[in-house]
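Count along the sequence shown from 1, then add 1362; that gives the number in our numbering.
Since the structure comes first, as structure tokens, the remarks are kept for the end.
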Amino acid sequence: MPKDAVPTRPFQEAHVEGNKIPNAVDPPGGRASVEEEVSEFLGTPGIVGPGAPQIHETHIARVFVGEDRALKVKRHVNLAFVDFTTLQQRQAACESEIAVNRDNAPDIYKRVVAITRQADGTLAIGGSGTPIEWAVEMQAFGEGNLLSDRAMHGPLPTALVKQTADVVFAMHGRAARVLTTNAVAKMRSIVIEVADVCRTQREILDATAIEQWSDAARANIEQQEPLLLCRARAGAVRRCHGDLHLANIVVWKDRPVLFDALEFSKEMATIDTLYDLAFLLMDLMHHHQRPAANLIMNRYIWRTGYNNTKGVQSGSESGAADAHTGDVDDIKGLALLPLFLSCRAGIRAMVEATRAATSDLSPSQRSTHIERANNYLVSAIKYLTPPPPRLVAIGGLSGTGKSTLAAALAPQLGEAIGALHLRSDLERKAIMGVVETQRLPPQTYTREASQRVYERLVQRAAAGIAAGQSVIVDAVFAEADERARLAEIATDYQAPFAGLWLEADPETLRHRVDRRTGDASDATSFVVDRQLGYQIGSLDPAWTKIDAGGGSNETLARGASVLGIKTHND
């Protein structure tokens, strides 16, 4: 409806006890006419709120967004995965949407409300007449607050990315475990169904590429069957979000909030937590946010490893409780990430191809969907062929910038999402059971405590390499045996190894550590002075000394050159 249309129906709204009205049936006139009538009504200025609403459409819903609230109605569709053809089905779907989103977004999801036909024939929101449609009433939020919007305007802020990882982790922690034996069959069915639909779109998608992806994905499922089953038995399969992409995360009250979880199929949303996370990672990659994807992966993996160390984390800086997968340490599950990313990209290729085939598109719109579909399909194939993993160690005294360099290199190293970044400061906090920024007393930095930290780093690095994931480990590595043990992992798994030893003058080190705030490191200038007395000894030929006394970009360029990789700064 045009934005300047004149209202033809009065605005009416009444509270309906329990959101249920008897005799809720489709009225005469048919579903299509009711759908059109309701859309016209809700699109009228002054109905949802002052002025004309913004209207957003998907293949299964329409959302009418006013100044302070939004109303979401289900489209009268019967698709392979959802049937909204009856009023009762749409009411049930609205109620389910409230239920599955209330924990994640309590401030956004309000209630289920009826669109009613009044005695005089007019329509009302929550009136006393007969329901002809049901809607989810939501809090409206301003444009530009979706992560998909923010991702279009440059790199996402590090703090926001960390918060997003924490929110996803907490959501998975709240989700009930679903013990299942069909984890492998479910992944097979996803690949089969996606490939079958893609084959119907051969005018849009490359036929050879479809078969290449289908064959590779099915082979990967067979290869990973033991791990899929192991994670399912351990409780990694849960009732997840199910539709975790950037457009379903909004910054609300300065925090990322997950919304629009998949409500119409419990089965489709009951998946491995890493498969749920993979949609977000894949979408970040699609939006050219590789550093953000790498940071979310690393923070999420650290949180699961933290939880595995302590059983239940004592708390998080976001204030959310963290009862996660217990004995499921997702670092081993990284072996499934290529498959999970590939399937997510394959599904998006299918969706874009299906949209391109619809008849109501302009030539430019169709061309856009075709390009997206084929790009997603290419990505789906690439995800299944990651390069061999490599192991990188970054050592040096406190203040040399080890963690800064490792965080900058990690997105550029190895497979699509980049390398697993293991940081001694974070692993120490995990062992001690405290949040990352809580300062530890000096007695926690004994030789015995440090040995525990290095043992954990070695174990997790080995698990990452075994999972096919490139790994970067940053720690002081003052002892020759610490450096040697890490190199042995690379030898054991026949992975390339390189060590970067960072150096800077003492005054620079003191200055850097004393100005740190909100960081996991507890190092001070006193610690630096003590470290300056270490006898580092000679470095193995696999280690290269790097001048880290300048800016972080200079150090990054030198480190990347030694490793033979390009960075986003190149």
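Each residue gets a CB set at the ideal place from its N, CA and C atoms; glycine is no exception.
Pull up the DSSP beta-bridge partners for residue i, would you.
i, result
"Tyr1471", "Met1500"
"Lys1907", "Trp1863"
"Ala1455", "Partner(s): none; Ala1455 has no beta bridge."
"Pro1653", "Paired residue(s): none; Pro1653 is not in a bridge."
"Asp1445", "Asn1440"
"Phe1426", "Ile1417, Leu1433"
"Ile1709", "Bridge partners of Ile1709: none, in fact."
State yes or no: is the C-beta of residue i within less than 8 Å of the C-beta of residue j?
i, j, result
"Gly1830", "Pro1748", "yes"
"Phe1944", "Val1435", "Outside the displayed range of the chain (1363 to 1932) lies residue 1944, so it cannot be described from this structure."
"Glu1495", "Val1400", "yes"
"Leu1864", "Gly1758", "yes"
"Ile1827", "Leu1746", "no"
"Arg1539", "Gly1597", "yes"
"Ala1497", "Ile1477", "yes"
"Ser1786", "Phe1626", "no"
"Leu1862", "Ile1779", "no"
"Leu1848", "Ala1882", "no"
"Leu1819", "Glu1789", "yes"
"Ala1655", "Leu1589", "no"
"Ile1693", "Ala1527", "no"
"Leu1624", "Asp1645", "no"
"Pro1517", "Gln1651", "yes"
"Ile1756", "Ala1840", "no"
"Ala1640", "Phe1702", "yes"
For residue i, count neighbouring C-beta atoms within 10 Å of its own C-beta (all shown protein chains included) and say buried if the count is 16 or more, exposed if not.
i, result
"Asp1691", "buried"
"Ala1569", "exposed"
"Met1514", "exposed"
"His1731", "buried"
"Lys1928", "exposed"
"Arg1464", "exposed"
"Leu1509", "buried"
"Glu1810", "exposed"
"Thr1799", "exposed"
"Pro1903", "exposed"
"Asn1915", "exposed"
"His1438", "buried"
"Asn1440", "exposed"
"Tyr1896", "exposed"
"Arg1706", "buried"
"Thr1635", "buried"
"Ala1461", "exposed"
"Gly1483", "exposed"
"Gln1450", "exposed"
"Ala1545", "buried"
"Arg1561", "exposed"
Determine the DSSP secondary structure at residue i, reduced to helix, strand or coil.
i, result
"Asn1915", "helix"
"Val1796", "coil"
"Leu1782", "strand"
"Ile1460", "helix"
"Ala1885", "coil"
"Pro1390", "Confidence at Pro1390 is low in this model, with a pLDDT of 47, below 50, so the placement of that residue should be treated as unreliable; the coordinate-derived value is given next. It is coil, neither helix nor strand."
"Phe1531", "helix"
"Leu1433", "strand"
"His1648", "helix"
"Pro1412", "coil"
"Pro1493", "strand"
"Asn1660", "helix"
"Asp1638", "helix"
"Leu1696", "helix"
"Lys1928", "coil"
"Ala1513", "helix"
"Ala1476", "strand"
"Ile1898", "coil"
"Thr1934", "Nothing about residue 1934 can be reported from this structure: the residues present for the chain run from 1363 to 1932 only."
"Leu1522", "helix"
"Leu1624", "coil"
"Leu1508", "strand"
"Thr1632", "strand"
"Asp1465", "coil"
What I want to know is whether the C-beta of residue i ends up closer than 7 Å to one or more non-hydrogen atoms of the ligand PLP.
i, result
"Glu1916", "Although the ligand PLP was asked about, the structure shown includes no ligands whatsoever."
Nearest chain D C-beta to residue i closer than 8 Å, yes or no?
i, result
"Ala1919", "Absent from the structure: chain D. Only one protein chain is present."
Hey, which unbroken runs of the alpha helix (DSSP H) at 4 residues or more fall wholly within the stretch 1535 to 1619? Scanning the stretch 1535 to 1619 for uninterrupted alpha helix (DSSP H) segments of 4 residues or longer gives 1545 to 1561, 1569 to 1585, 1587 to 1596, listed from N- to C-terminal end.
Within the stretch 1820 to 1862, note down every full alpha helix (DSSP H) run reaching 4 residues or more, in order along the chain. 1842 to 1854, all fully within the stretch 1820 to 1862.
Kindly provide the ranges of any alpha helix (DSSP H) runs that are 4 or more residues long and lie completely inside the stretch 1716 to 1795, ordered along the chain. Along the length of the stretch 1716 to 1795, whole alpha helix (DSSP H) runs at least 4 residues long occupy 1725 to 1745, 1764 to 1771, 1786 to 1794, reported in chain order.
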